[in-house]
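A.B. asks: If you count the sequence shown from 1, position 33 lands on 33 in full-length UniProt numbering, and the numbers rise without skipping.
Ideal placement from N, C-alpha and C gives every residue a C-beta, glycine not left out.
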Amino acid sequence: MTKILMVCLGNICRSPLAEGILRSKLPTKDYFIDSAGTGNYHTGSAPDKRSIDIAKTFGLNISNQKARQFKVSDFDNFDYIYVMDDSNYENVIALARNENDINKVQLILNEAYPNENLNVPDPYYGGTDGFKNVYLMLDEACNNIAKKLT
Numbered sequence: 001m002t003k004i005l006m007v008c009l010g011n012i013c014r015s016p017l018a019e020g021i022l023r024s025k026l027p028t029k030d031y032f033i034d035s036a037g038t039g040n041y042h043t044g045s046a047p048d049k050r051s052i053d054i055a056k057t058f059g060l061n062i063s064n065q066k067a068r069q070f071k072v073s074d075f076d077n078f079d080y081i082y083v084m085d086d087s088n089y090e091n092v093i094a095l096a097r098n099e100n101d102i103n104k105v106q107l108i109l110n111e112a113y114p115n116e117n118l119n120v121p122d123p124y125y126g127g128t129d130g131f132k133n134v135y136l137m138l139d140e141a142c143n144n145i146a147k148k149l150t
């Protein structure tokens, strides 16, 4: 089974969306998708209501997800670790123990825009349009991840 982890700051906006989107595109018998945050601000909380709402608009239910913090053991438990922005990348890489750990970590938008190192903007302080834009960005990246893996 291939295991994929999506990571953002608080694990309530971007990474839950990425988890839900990719989960909808890959067979659950062959792929395990999870998400985490680099911070522990929202541990145990459901995704932001705006993430839940935009996912629902596109036919996905992410309301049962619970936020958790990224931990070093995630390097052992996951084959791919996709981060949403440069800050997440630096925070995750800071916990890496070796080159193998580092090689698992990638900026998710490089799947849609190779080698451009673009960030998924954090929609937390923006309006609902920000959540829709983030959803569309992540959907494109997840389409490419799913194509690459299947």
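#1: For A36, which beta-bridge partners are listed by DSSP?
#2: Here's the rule I'm using: 16 or more other beta-carbon atoms within 10 Å means buried, otherwise exposed. How should V72 be labelled?
#3: With DSSP collapsed to three states, give me the class of I81.
#4: Please classify E99 as buried or exposed, where buried requires at least 16 other C-beta atoms within 10 Å of its C-beta.
#5: Taking all protein chains shown into account, do 16 or more other C-beta atoms lie within 10 angstroms of the C-beta of N77, making it buried, or fewer, making it exposed?
#6: Among Y41, V7 and I54, which one has its Cα closest to the Cα of residue 151?
#7: Can you list, in chain order, the residues of its chain whose CB lies under 7 angstroms from that of N11, leaving out five sequence neighbours each side?
#8: For E90 and P47, I'd like the C-alpha separation in whole angstroms.
#9: For a minimum of 4 consecutive residues, which ranges assigned as the alpha helix (DSSP H) are wholly contained in the UniProt domain "Phosphotyrosine protein phosphatase I" (2-148)?
#10: Given a cut-off of 9 angstroms, decide if L17 and V134 are closer than it, judged by their beta-carbon atoms.
#11: If E19 sits next to M6, beta carbons under 8 angstroms apart, how far is it from one beta carbon to the other, in whole angstroms?
#12: Using beta-carbon positions only, say whether N117 and D86 come within less than 9 angstroms of one another.
C.D. replies: According to the structure shown:
#1: V7
#2: exposed
#3: strand
#4: exposed
#5: exposed
#6: Nothing about residue 151 can be reported from this structure: the residues present for the chain run from 1 to 150 only.
#7: S35, A36, G37, H42, A67 and R68
#8: 23 angstroms
#9: 14-25, 49-57, 74-77, 86-93 and 99-103
#10: yes
#11: 5 angstroms
#12: yes
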